[in-house]
Amino acid sequence: DARVTQTPRHKVTEMGQEVTMRCQPILGHNTVFWYRQTMMQGLELLAYFRNRAPLDDSGMPKDRFSAEMPDATLATLKIQPSEPRDSAVYFCASGLRTVVPTDTQYFGPGTRLTVL
Amino acid sequence: GQNIDQPTEMTATEGAIVQINCTYQTSGFNGLFWYQQHAGEAPTFLSYNVLDGLEEKGRFSSFLSRSKGYSYLLLKELQMKDSASYLCAVLHFKAAGNKLTFGGGTRVLVKP
């Protein structure tokens, strides 16, 4: 049963520290998405990739966030330095289409980040 | 900017029908998604509409009217497991590519 995996599942860190979240998309999927969800803002699309190239990262604060795909099996989202307002659940999703897909995106279980 | 409105919460009885409305104001509309999210879990894709009309998938149906900026998700024969949040999301064109903007979600509580 193919699934998107994310690590770590939970992360507690102190303000100013670097945070790296990892995602393994479903093998064969060519689009990867990073989302953030908070009670106040709801679900927001931060960035997405097609064939490992960033297509849109306009939803992401550029000064401290960066997203990369070093290879087809790994996507990373880094925050440096982290701030308390970054506390949220970060979801990764993968799919098969070349734009934001018209069929299923498969979501990972999420990384719950708490910045103290 | 983009504006998406949906009710915060709805309650319905097991076996009944519930209709969740979503209204939006956007430029460069390129489709509307519905997602289901159970508490503490990731969202799961339910439907995508880009043309006007009704799309039916089993107990769930989604409707779109582009001229009215309106969509609804219809849940029939409600089951207890349908208690969840339902997210409306609009896909729209930007110069840098497509962007997906979510509504705040509608929490549906199904009672016995």
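Here the protein sequences line up with chains A and B, keeping their order.
Position 11 of the first sequence, counted from 1, bears residue number 11 in my numbering, the numbering being contiguous throughout.
Position 52 of the second sequence, counted from 1, bears residue number 1052 in my numbering, the numbering being contiguous throughout.
Beta carbons: idealized from backbone N, C-alpha and C, even for Gly.
Since we're looking at a predicted model, the values are computed, not measured.
Check residue i in the structure and name its three-state DSSP category.
i	result
B/Lys1111	strand
B/Lys1081	helix
A/Pro8	coil
A/Asp57	coil
B/Asp1005	strand
B/Asp1052	coil
A/Asp63	coil
A/Pro84	helix
B/Arg1066	coil
A/Leu116	coil
B/Asn1030	strand
B/Leu990	The structure shown does not extend to residue 990 of chain B, since chain B is modelled only from 1001 to 1112, so the question has no answer here.
B/Lys1076	coil
A/Gln105	coil
A/Ile79	strand
B/Ile1020	strand
A/Gly42	strand
A/Ala47	strand
A/Pro70	strand
A/Met21	strand
B/Leu1100	strand
I'd like to check one pair, residue j with residue i: are the Cβ atoms closer than 8 Å?
i	j	result
A/Thr73	A/Gln105	no
B/Gly1040	A/Gly42	no
B/Phe1102	A/Glu44	yes
A/Phe107	A/Ala93	yes
B/Thr1106	B/Ser1085	yes
B/Ala1042	A/Pro109	yes
A/Pro84	A/Leu113	no
B/Phe1063	B/Leu1046	no
A/Gln17	A/Phe91	no
B/Leu1100	B/Val1018	no
B/Pro1112	B/Glu1009	no
A/Ile26	A/Val12	no
B/His1092	B/Gly1053	no
Residues of chain A with CB closer than 8 Å to the CB of residue i, please, in chain order.
i	result
B/Ala1039	Chain A residues near B/Ala1039: none, gap ~12 Å exceeds 8 Å.
B/Leu1044	First, the amino acid is wrong: residue 1044 of chain B is Thr here, not Leu. The answer, in chain order, is Phe107.
B/Gly1104	Gly42
Thinking residue i and residue j are a contact (beta carbons under 8 Å), I'd like their distance in whole angstroms, please.
i	j	result
B/Ile1004	B/Val1090	6 Å
B/Gln1006	B/Asn1021	7 Å
A/Pro54	A/Ala67	7 Å
B/Val1110	B/Gln1079	7 Å
A/Arg52	A/Met40	Actually they do not touch by this definition, with Cβ atoms about 32 Å apart.
A/Lys62	A/Val19	About 16 Å; that fails the 8 Å criterion.
How would you list, in chain order, the residues of chain B whose beta-carbon sits under 8 Å from the beta-carbon of residue i?
i	result
A/Glu68	Within chain B, no residue comes near A/Glu68; the closest Cβ sits about 18 Å away, beyond 8 Å.
A/Gly28	Correct list: empty, because the minimum Cβ distance to chain B is about 17 Å.
A/Gly110	Ala1042
Just the chain B side, please: which residues come within less than 9 Å of residue i by C-beta, in chain order?
i	result
A/Leu45	Ala1089, Lys1099, Leu1100, Thr1101 and Phe1102
A/Phe65	In chain order: nothing, as chain B lies at least about 16 Å away.
Residues of chain B with a CB under 7 Å from the CB of residue i: which are they?
i	result
A/Phe91	Ala1042
message = Three Cβ pairs or more, each shorter than 8 Å: is that satisfied between the segment 24-34 of chain A and the segment 46-55 of chain A?
response = yes
inquiry  = So, does the segment 1071-1085 of chain B touch the segment 1032-1048 of chain B, judging by three or more C-beta pairs under 8 Å?
reply    = yes
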